[in-house]
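Following: one structure in structure tokens, then a few remarks.
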Amino acid sequence: MYDGDTFRVFKDNTQLKIRFACVDAPEKAQPLGIQSRDYLRSLLQQYNYQVSLNITEIDRYNRSVAEVYLPNGQLVQELQTKVGMVYPYERYKDDCPTWEKVKKAGVVAKRNRIGVWAGNYEKPWDYRRKK
Numbered sequence: 002m003y004d005g006d007t008f009r010v011f012k013d014n015t016q017l018k019i020r021f022a023c024v025d026a027p028e029k030a031q032p033l034g035i036q037s038r039d040y041l042r043s044l045l046q047q048y049n050y051q052v053s054l055n056i057t058e059i060d061r062y063n064r065s066v067a068e069v070y071l072p073n074g075q076l077v078q079e080l081q082t083k084v085g086m087v088y089p090y091e092r093y094k095d096d097c098p099t100w101e102k103v104k105k106a107g108v109v110a111k112r113n114r115i116g117v118w119a120g121n122y123e124k125p126w127d128y129r130r131k132k
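Take 2 as the starting number for the sequence shown in the numbering used here and just add one per residue.
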């Protein structure tokens, strides 16, 4: 698991790099970057890292952009957004059939000022642009 929106899975003995659709996590060097990754890790660990994917595209880095579901049917991106560990990411919304769910979870987290919404943190897309 690299960060809060990228991880690797094995499917049919092939390793795939997955980029979460709909969301953007803080980079590891940013505030909450490590917490975002650790939240994702602990969430997936509860289900023995078993997930279902709805791959919506392959990005320019050859990553599969996907909606990620837990065995109980919950959308991982919605759960991450609800607790403020990721931002809803407009750039990936067209490849996200569940965009409205994720966006709504982001509104709630922002209103409650939790996680990435608790302070005046630099957005990950702005952080990457400056590098």
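All residues carry an ideal CB built from backbone N, CA and C; glycine is no exception. Keep in mind that this is a model prediction, so the values were computed, not measured.
Taking C-beta to C-beta, are Val87 and Val24 nearer than 8 Å?
The residue given as residue 87 occupies position 86 in the sequence shown. The residue given as residue 24 occupies position 23 in the sequence shown. Cβ distance < 8 Å, so Val87 and Val24 count as in contact.
Residues in the same chain with beta-carbon distance under 6 Å from Pro125, minus the five sequence neighbours each way, listed in chain order, please.
Here residue 125 refers to the residue found at position 124 when the sequence shown is read from its first residue. Once the five neighbours on either side are set aside, the close Cβ partners of Pro125 are Asp25, Pro27 and Glu28.
8 Å contact criterion, which Asp69 and Ile19 should meet: CB distance rounded
Here residue 69 refers to the residue found at position 68 when the sequence shown is read from its first residue. Here residue 19 refers to the residue found at position 18 when the sequence shown is read from its first residue. In the sequence as displayed, the identity of residue 69 is Val instead of Asp. In this structure Val69 touches Ile19 by the C-beta definition: roughly 7 Å separates them, less than 8 Å.
For Asp4, the nearest candidate out of Asp39, Val10, Lys12 and Ala22 (CA to CA):
Here residue 4 refers to the residue found at position 3 when the sequence shown is read from its first residue. With distances taken between CA atoms, Asp4 lies nearest to Asp39 out of Asp39, Val10, Lys12 and Ala22.
Hey, which unbroken runs of the beta strand (DSSP E) at 3 residues or more fall wholly within the stretch 14-94?
Runs of the beta strand (DSSP E) lying entirely within the stretch 14-94, each at least 3 residues long, are 15-21, 53-59 and 65-70 in chain order.
Who are Asp4's beta bridge partners in DSSP?
On the sequence shown, position 3 is the one that residue 4 refers to. In the DSSP output, where bridge partners are listed per residue, Asp4 has Thr7.
Using the Cβ count rule (16 or more neighbours within 10 Å means buried), how would you classify Thr15?
Translated into the one-based positions of the sequence shown, residue 15 becomes position 14. The residue in question, Thr15, is exposed, as its Cβ has fewer than 16 Cβ neighbours within 10 Å.
Beta bridge counterpart(s) of Lys1 as assigned by DSSP:
Residue 1 lies beyond the residue range present for the chain, which begins at 2 and ends at 132; the question has no answer from this structure.
Can you give me the Cβ contacts of Gln78 inside the same chain, cut-off strictly under 6 Å, excluding the 5 residues immediately before and after it?
Mapped onto the sequence shown, residue 78 falls at position 77. Only Phe21, Cys23, Val24 and Val103 meet the Cβ criterion.
For Trp8 and Met2, I'd like the C-alpha separation in whole angstroms.
In the sequence shown, counting from the first residue as 1, residue 8 sits at position 7. In the sequence shown, counting from the first residue as 1, residue 2 sits at position 1. The sequence given here has Phe at residue 8, not Trp. The straight-line gap from Cα to Cα measures roughly 4 Å.
Look at the Cβ atom of Val66, then the Cβ atom of Glu58, and state whether they are nearer than 8 Å.
Residue 66 sits at position 65 when you count from the first residue of the sequence shown. Residue 58 sits at position 57 when you count from the first residue of the sequence shown. In this structure, Glu58 lies closer than 8 Å to Val66 by Cβ.
Express the C-alpha separation of Gln47 and Glu101 in angstroms, rounding to a whole number.
One-based indexing of the sequence shown puts residue 101 at position 100. One-based indexing of the sequence shown puts residue 47 at position 46. Taking the straight line from one Cα to the other gives about 26 Å.
Report buried or exposed for Pro89, applying the criterion of at least 16 other Cβ atoms within 10 angstroms of its Cβ.
Sequence index remark: in the sequence shown, residue 89 carries index 88 (1-based). The residue in question, Pro89, is buried, as its Cβ has 16 or more Cβ neighbours within 10 Å.
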